[in-house]
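What follows is a set of notes on a single structure, which appears directly below.
In my numbering, the protein residues as written are 211 to 699.
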């Protein structure tokens, strides 16, 4: 009982500190609240209706305190019924997806079904119906016997329907999307719901509440001896520990302690600002030197030199231009504040423009575009440069692969409310250990004077400047796929 009180308090604190940012979060908070009520009914039930051995003095003090509470067997029953109804509501909330993806007609009908079935569940478990069934069964009335069987069966069906619906909804969403981040999110939701339902079923079926749930003749109820019941002394602490794991999992997976993460990000950003601030001054000095060299190179080209000398000067010019381009890209990434010329941009045209800038000889480019005009509100120049970097990166990888058929697949599609772009190549792939760092500046496996490893960092910066998101999936020696998700115009 003491452990039950501790876990109930922890869950109440969890509910209190959680910021409700979406329907999934609301569903989990509701589920935790229902578990708090289940634990409350369990403690009251043990105190009022069973014989129990107390191991600690504080448990005896709590026992005396609860014993003085004027609460009846029927009140405990109502707490349990409310807890069951609230848990089913939590399953409804996680079944119905976020507002922008839910079909409103289906949502309303589902809530109506839940409301009707919940009212029936409350009615058939009410005191008046229980009295009627009890009297009828003792008089051997056929209708009362059927009603008794129906009440027991209905409770099982009621819980089963709303417990299975979240999995059906999640599986439908999982197989209807190709977005990598959405698939990962749905897997986490699936696991969290499963863990919560295991906890819920354990409390009502494998704790002393099982006597309460199985007993329909409430007027013949007698006290139960739990002193030698291993369920209470062994299994309950285990499941309570599991509930703590579930709570921790949900907190970490769904970023509930947002303030803590925000402070960590802010601290990290301050460190990077100091680092990049020093590098900015360094590159600024280099840029001035390069401008001087560029001026002298132009002067040398015009006035003197053999053909061999002119070729060397052209190479100097090429390297200076490459250095200046990389330095400019570095400043754009560092500033993280792109000046966007916002208009309605057709992604098909933007992508075609980027494709036209690259020579894809010996590489097959497969394009699959959304049928309707796929437009976003953004900056055409930055977006096409973002696509160019992805395509150029894919081309560089394929040039190092001895494959007969080298191909790049480009897809643009609409998945409400996003416009999604995928660039996939059948190149060397990326090792799992390297994926987390590919968007960091200066992170590249093919560094050179002309390539500083800024391309993907630039892509990420442009995507986020357009309120978008970039994701990557890869398998060594098979493929690499980049997905960019942007808000549709």
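Note that the Cβ used here is the ideal one computed from N, Cα and C, for glycine as well.
Here the structure is a predicted model, which means the values were calculated and not measured.
- Residue 297 is classed as buried because its beta carbon has at least 16 other beta carbons within 10 Å across all chains shown.
- Within the same chain, and ignoring the five residues on either side of residue 357 in sequence, the residues whose Cβ sits closer than 6 Å to its Cβ are 343.
- Here the alpha carbons of residue 318 and residue 684 stand approximately 40 Å from one another.
- Per DSSP, reduced to three states, the secondary structure at residue 649 is coil, with no helix or strand assignment.
- The beta carbon of residue 593 lies closer than 8 Å to those of 555, 557, 560, 586, 672 and 676 in the same chain, with the five residues before and after it left out.
- Here residue 605 really is in contact with residue 568; their C-beta atoms are around 6 Å apart, less than 8 Å.
- With a threshold of 16 other beta carbon atoms within 10 Å, residue 385 falls short and is exposed.
- Runs of the alpha helix (DSSP H) lying entirely within the region 616 to 646 and spanning at least 4 residues, in chain order: 642 to 645.
- Here residue 674 carries a helix assignment [DSSP, helix/strand/coil].
- Here residue 328 is actually not in contact with residue 289; their C-beta atoms are around 16 Å apart, not less than 8 Å.
- At a Cβ-Cβ threshold of 8 Å, residue 300 and residue 240 count as neighbours.
- Ranking 670, 563, 335 and 572 by CA distance to the CA of residue 590 puts 563 first.
- Bounds of the alpha helix (DSSP H) holding residue 562 are 557 to 566.
- Residue environment for residue 382: exposed (fewer than 16 other C-beta atoms within 10 angstroms of its C-beta).
- In this structure, residue 649 places its C-beta atom within 8 Å of the C-beta atom of residue 670.
- For residue 281 against residue 254, the beta-carbon gap comes to about 6 Å, under 8 Å, which counts as contact.
- In the three-state scheme derived from DSSP, where H, G and I count as helix and E and B as strand, residue 553 is classed as strand.
- Secondary structure at residue 569: coil, using DSSP grouped into helix, strand and coil.
- For residue 580, there is no enclosing alpha helix (DSSP H), since its DSSP letter is neither H nor E.
- Contact annotation: residue 391 and residue 679 have beta-carbon atoms nearer than 8 Å.
- In this chain, the alpha helix (DSSP H) harbouring residue 366 covers 352 to 386.
- A distance below 7 Å between beta-carbons, with the five flanking residues on each side excluded, links residue 286 to the following residues of its chain, in chain order: 251, 254, 255 and 258.
- Residues 293, 296, 297 and 300 of the same chain have their beta carbon placed closer than 7 Å to that of residue 244, with the five preceding and five following residues left out of the count.
- DSSP places residue 688 outside both helix and strand once states are collapsed to three, so it counts as coil.
- Counting only residues of its own chain and dropping the five nearest sequence neighbours on each side, residue 573 has a CB closer than 8 Å to the CB of 605, 608, 616, 617 and 618.
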